[in-house]
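Numbering (UniProt numbering), first residue to last: 1 to 316. The beta-carbon is built from N, C-alpha and C at its ideal position, and this holds for glycine as well. Notes follow the structure.
This is how it looks when you write it as structure tokens:
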């Protein structure tokens, strides 16, 4: 049997048609500057980021059975292991159309009527040889596999962006490393401030809760640290924010396999995500470990500050 990668994942895998326009999205319209087609998806991009950083990653969601399947070829080209992924002739990727404004912000329109999740009988023998399982919101279609992975001792890293009711609540409870966009955390908890959201999402079984907030940085709580923390953003030139969150998840997982504590994982992931938005598309600017380390060592690298009911702990 081939070596099982340290980090496995299943969930959204997409083909993105991207249009870059010369105005911010708020302008309502703009002239097309460039068009491109790229491969993306939350988990697929996260796994590609792991490989770029020097880790090992494997996709274990449904893939098409054709040998020349475009998604399969892209994963292989990205260095992501696919030999363990179940195959089905009806499997196809999510299709997305993304408009990117001149300020780097984007709007994603997607068709997710696709075969997502993984095989219900995915073998424990493979799961047990990995360290981390990355899943996204679509893992509600394979909750039993996530539960088995958790029971086998894998760290479950959840990238949850939308809710489907009780199934999503169960998935969220299975994630010991819960990394959410702050906007979804607000909706899910009904809380206003990051500290209230962090507390509302915390469970005794959690290792970390992390809330990403784009250009406003990251908020987090970890089992190893006392208190609640805010890491301000790195100051970089934003070209395209597509895939930044996915890169964050992959970099966090990679740091986790290297034994970093919560603060170290968040700092590493935030630096990787910052570098990823300096190029077009979700994959073009995925950074290397050296690039992330260099950014973290720079004189302008931000430091985390504890949340103490300051103005930084209020979002509007």
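Counting C-beta neighbours from all protein chains within 10 Å, is the total for residue i 16 or more, i.e. buried, or is it exposed?
i	result
residue 310	For residue 310, the pLDDT reaches just 43, beneath the cut-off of 50, and the residue's location in the model is therefore unreliable, although a value from the coordinates is still provided. Classification of residue 310: exposed, given that the 10 Å Cβ count is below 16.
residue 94	buried
residue 203	exposed
residue 205	exposed
residue 290	exposed
residue 127	buried
residue 162	exposed
residue 237	exposed
residue 89	exposed
Excluding the five sequence neighbours on either side, which residues of its own chain have a C-beta within less than 6 Å of the C-beta of residue i, listed in chain order?
i	result
residue 97	17, 109
residue 105	25
residue 233	215, 217
residue 312	At residue 312, the pLDDT of 47 sits below 50, so the modelled position is not reliable; the number obtained from the coordinates is stated separately. Excluding sequence neighbours, residue 312 sits near 230.
residue 66	none
Is residue j closer than 8 Å to residue i when the C-beta atoms are compared?
i	j	result
residue 44	residue 72	no
residue 14	residue 116	no
residue 177	residue 208	yes
residue 222	residue 262	yes
residue 33	residue 64	no
Who are the near neighbours of residue i in its chain, counting only those whose CB is closer than 7 Å to its CB and skipping five residues on each side?
i	result
residue 166	none
residue 51	57, 78, 79, 80
residue 180	160, 211
residue 55	6, 7, 254, 257
Below 7 Å, is the gap between the Cβ of residue i and the nearest heavy atom of the ligand NAP?
i	result
residue 13	As presented, the structure is devoid of all ligands, the ligand NAP included, so that no description of it is given.
Between residue i and the rest of its own chain, which residues show a CB-CB distance below 8 Å, the 5 nearest in sequence each way excluded?
i	result
residue 292	53, 251, 268, 271, 272, 275
residue 23	29, 30, 31, 101, 102
In the DSSP output, what is residue i paired with across the bridge?
i	result
residue 10	135
residue 229	220, 306
residue 254	None; residue 254 has no bridge partner.
residue 280	DSSP output for residue 280 lists no bridge partner at all.
Meets three-Cβ-pair contact criterion under 8 Å: the stretch 274-294 and the stretch 83-93: The stretch 274-294, when compared against the stretch 83-93, does not touch it at the 8 Å Cβ threshold.
Three-pair Cβ contact test at 8 Å for the stretch 296-303 versus the stretch 238-249: Taking 8 Å as the limit for Cβ pairs, the verdict is that the stretch 238-249 does not touch the stretch 296-303.
Contact the stretch 3-11 vs the stretch 135-152: 3+ CB pairs below 8 Å: Using a Cβ-Cβ distance cut-off of 8 Å, the stretch 3-11 and the stretch 135-152 are in contact, since at least three pairs of beta carbons, one from each stretch, lie closer than that value.
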